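Worksheet for the structure shown next.
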Amino acid sequence: MKIEKANIKDALEIANIEKICFPPLEAASFESIKERITVFKNHFFVLKDNDIIIGFINGMVTDSENLSDDMYEDANLHNENGLWQMVFGIDIIPKYQGKGYAGMLIRHFINVAKNENRNGIVLTCKENLVPFYEHFGFCNEGISQSEHGGVRWYQMRLVFDKK
Ligand SMILES: CC(C)(COP(=O)(O)OP(=O)(O)OC[C@H]1O[C@@H](n2cnc3c(N)ncnc32)[C@H](O)[C@@H]1OP(=O)(O)O)[C@@H](O)C(=O)NCCC(=O)NCCS
1 MKIEKANIKD ALEIANIEKI CFPPLEAASF ESIKERITVF KNHFFVLKDN DIIIGFINGM
61 VTDSENLSDD MYEDANLHNE NGLWQMVFGI DIIPKYQGKG YAGMLIRHFI NVAKNENRNG
121 IVLTCKENLV PFYEHFGFCN EGISQSEHGG VRWYQMRLVF DKK
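Going by my numbering, the sequence shown opens with residue 1, and the numbers climb by one from there.
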């Protein structure tokens, strides 16, 4: 297993995983994934089993404190010098779930954002995954302003200690 930055050539494989993991209204499209890799490839990581992508994590960096739906739609809102690392998606192919692979990706994402001296990480998730992210130190900030895919999202934040 190895974690690498996503390559534009990975976009189709990633879009296919996204389709398996999310309902159509919530899944990021192939076009959107291509755009994200192009604009913020330093913040888009894939987990590979030999040469097969089995999961990924991605999100833009921004000065905005909260994750808003317009960010999902427009990768160009990314600001490489921003304060907050967002998480737009973390997916693991179902047959690889429950083996700690999402944990590997989240810890990697946390380490990268810490080394880049960000304030912390922000994401939104459905209610059932709140305990999952709390496990990695995220705090639940309650119902988010997001209406992505027409469902209710909770905003979670991990703030880094800065010495
Ligand atoms: C959510 C998802 C990424 C988890 O991936 P995974 O590889 O199965 O998770 P892991 O095996 O790394 O689990 C990490 C830890 O969280 C715990 N955990 C996993 N799912 C959990 C849940 N639903 N609630 C609480 N804890 C959970 C595990 O027990 C594990 O604990 P450990 O580190 O002590 O062993 C995966 O199920 C997935 O891709 N789902 C579809 C897409 C999705 O919903 N993504 C999240 C978008 S917000």
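Every residue, glycine too, gets a C-beta built ideally from N, C-alpha and C. As the structure is a prediction and not an experimental result, all values here were calculated from the model.
Following the DSSP letters along the chain, one finds Y154 in no alpha helix (DSSP H) but inside the beta strand (DSSP E) bounded by residues 154-159. Secondary structure note for K48: its beta strand (DSSP E) is the uninterrupted segment 44-49. Beta-carbon to beta-carbon, I53 and I14 are separated by about 6 Å, close enough to satisfy the 8 Å threshold.
For K95, the CB stays at least 7 Å from every heavy atom of ligand 1. Bridge pairing for G89: N58 [DSSP]. Take W153, set aside five residues on each side of it, and the residues of its chain with a beta-carbon closer than 6 Å to its own are T124, S144, S146, in chain order. Burial check for T62: the Cβ neighbour count within 10 Å reaches 16 or more, so the residue is buried. Contact between the segment 6-24 and the segment 90-101 is present, with at least three C-beta pairs closer than 8 Å.
With a cut-off of 7 Å, the C-beta of K99 is classified as near ligand 1, since at least one heavy atom of the ligand falls inside that distance.
Scanning its chain for C-beta atoms nearer than 7 Å, with the 5 sequence neighbours on each side dropped, one finds around N76 the residues V39, in chain order. Rounded to the nearest whole angstrom, the CA to CA distance from G103 to L12 is 24 Å. Within the chosen limit of 7 Å, ligand 1 does not reach the beta carbon of I143 with any heavy atom.
Ligand 1 has no heavy atom closer than 7 Å to the beta-carbon of C139. Secondary structure of G103 (DSSP, three-state): helix. Each residue's CA atom was taken as its position, placing M71 and R36 some 10 Å apart. Your pair V122 and Q155 checks out as a contact, with CB atoms roughly 7 Å apart and the cut at 8 Å.
Taken through DSSP and simplified to helix, strand or coil, N140 comes out as strand.
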